[in-house]
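A.B. asks:
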Amino acid sequence: MHSYGQDWMVPYGYAYNVSVDNYAQMMRPVQAAADKLKSLGRNYDIGNSAVVTYPAAGASDDYAASIGVPYAHTIELPDTGQYRFLLPQSEIPRVGLETLEALKVYLGYIAAANQPRDE
């Protein structure tokens, strides 16, 4: 997690024309989390890191994806530029609670998608 930007991004971020093989799989829980954030009044941009922000090499989610980690993301916490890296102290509890709720949805989605199936 970083600040700032209100983005939830998936690899690969080093170039515009490169994405992970499991892009759709990575995006499903991200979309669910973004929908939760939107219901709480916070809009996040989601998608490939290079497209959502700008190309940047050396990100840990790129490395994680390259070694087979199935869910690797970069989350840029609020805001969208008014305060930049100096979010007012009064906003921190709200951002923390919103992020917690989004992570519950995100992790719940992944857990449900990876439950063993009875055959």
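For the sequence shown, position 57 matches number 57 in the UniProt record's numbering, and the numbering has no gaps at all.
Heads up, the beta-carbon is just placed ideally off N, CA and C, and yes, glycines get one too.
1. If we count the other Cβ atoms within 10 Å of its Cβ and call it buried at 16 or more, is GLU98 buried or exposed?
2. Indicate the three-state DSSP secondary structure (helix, strand or coil) for LEU77 in the structure shown.
3. Could you compute how far the alpha carbon of ALA32 sits from the alpha carbon of LEU107?
4. Any idea which residues DSSP pairs ASP45 with across the strands?
5. For VAL20, does the count of other Cβ atoms within 10 angstroms reach 16, so buried, or fall short, so exposed?
C.D. replies: According to the structure shown:
1. buried
2. strand
3. 10 Å
4. ASP7
5. buried
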